[in-house]
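Taking it in order: structure first as structure tokens, then the write-up.
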Amino acid sequence: MIIKKTAEFDCAHLLSNHMGGCQNLHGHTYKIIVGVSDSKDNLIKTGSSTGMIIDFKDLKRSLNNLISQLDHAFVYNSTDSFQVKLTALLQNEGKKTFEMKTETTVENMAQLFLIMLKNEIPNVHCIEIWETPTSSCYLEASELEL
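Next up, the structure:
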């Protein structure tokens, strides 16, 4: 059994080595869907969350903790010298940034965000991140190398 929670956030990034338009600074409205799983026989048995895998409000809180770091931020690759220089300029002007140690592709975001969520919700099953209305990355926790 899997429950899912959906949220959206806006951020900017660039892919320095991309041969097309994505090498330029640009932004997306991302949609993120997080799935949490457990067996129907293992639902919460006591308290206000009885009969649930996880209370949606708790899942929302964890998702919002992640999104609050990203929303309206410049997401940058800290191994790319150009992006580090751009980030320093933005930070000196008080602008919001979010560090990744890899290319800021939706595939790498899915891996990082799933790891971050798994620290708060051990039975996170999957994540899907939509970069555009027609392009997404789906990743199951079982595919992570922790």
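Letter by letter, the sequence shown follows residues -11 to 134 of this note's numbering. Don't be surprised by glycine CBs; every beta carbon is placed ideally from N, CA and C.
- Your pair L54 and M104 checks out as a contact, with CB atoms roughly 6 Å apart and the cut at 8 Å.
- In this chain, T85 is not harboured by any alpha helix (DSSP H); it is covered by the beta strand (DSSP E) spanning T85 to M88.
- Straight-line measurement puts the Cα of N111 at about 12 Å from the Cα of K(-8).
- Taking a 10 Å sphere around the C-beta of F101, we find 16 or more other C-beta atoms and assign the residue as buried.
- Under DSSP, V24 shares a beta bridge with I(-9) and V112.
- For the options L3, I(-10) and M(-11), the alpha carbon positioned closest to that of V94 is the one of L3.
- Contact between the segment -6 to 13 and the segment 62 to 81 is present: three or more C-beta pairs spanning the two stretches fall below 8 Å.
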